[in-house]
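Those letters in the sequence shown? Residues 2 to 212, by our numbering.
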Amino acid sequence: MKQTLIIGASGQIGKMATRLLLDAKQHVKALVRDKTKLSDITNERLAITEQNLEGEFGDAFAGCDQVIFVAGSGGDTGTDKTMLIDLWAAAKAARYAKAHQLQHFIMISSIGADDPEAVEGDMKPYIVAKHLADQQLISSGVPYTIIRPGRLTDDDASLKISTVRPEDNNKLKISRENVAHVLLHVATKAEPHNQIIEIFDGEQPIETVLN
């Protein structure tokens, strides 16, 4: 049975994705800094490894077939943590995935990562980090799917998305639950095609859009 490593499994989207994969009878290895943050999830198919992404964590990839990188430094941290987690840890993960011959690397990036020069203000260091992390993955040689969600919301999952960027900036958004369901689909039903996908809340079922 395929085992999926989830890096950042205790974050909001990471935890949702962990639950969804387990509910789908998948084997999950959750990489977290503090395993107590997953104490509410008990499943025989779940293995938890405590690792610090600012250090070495390559041994977590052993025995895994694919990886989902959904870790992030968080909105209340400085640029230093953005560089260490969103960029450097992601770059290391791509290197580890290559060394362990993983079949698929699924990266949660961000809308705007295609063109950081178009971004202004406090978000620019974060978008630059995401852009460079994506480039590291692309050049690694590991089969990849890069997912760039719009602005994240706490709305309930509609299970309907779009991959076409809306013209209305107010619609450049997607619920975290929808992102987690996209991760489930990509991890369990999609073949890696070295693609970059922007996702937003939309009108079509996830499977229809992504198949």
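C-beta atoms are modelled at their ideal positions from N, C-alpha and C, and glycine is treated no differently.
Thr146 is positioned such that its CB atom lies closer than 8 Å to that of Ile107. Here the alpha carbon of Gly142 sits roughly 27 Å from the alpha carbon of Gly12. Secondary structure of Met17 (DSSP, three-state): helix.
Taking C-beta separations shorter than 8 Å and ignoring five residues to either side along the sequence, the partners of Ile175 in its chain run Pro150, Gly151, Arg152, Leu153, Thr154, Ile162, Ile200, Phe201, Asp202, following chain order. Secondary structure remark: continuous beta strand (DSSP E) runs of at least 3 residues inside the stretch 135-195, in chain order: 145-150, 152-154, 161-163, 174-176. If you draw a 10 Å sphere on the C-beta of Lys26, you find fewer than 16 other C-beta atoms in it, and that means exposed. In this structure, the beta-carbon distance from Ala63 to Ala31 does not fall below 8 Å.
Annotated three-state conformation of Lys30 is strand, per DSSP. Measuring C-alpha to C-alpha distances from Leu103 to each of Ile198, Val33, Leu6, Ala191 identifies Leu6 as the nearest.
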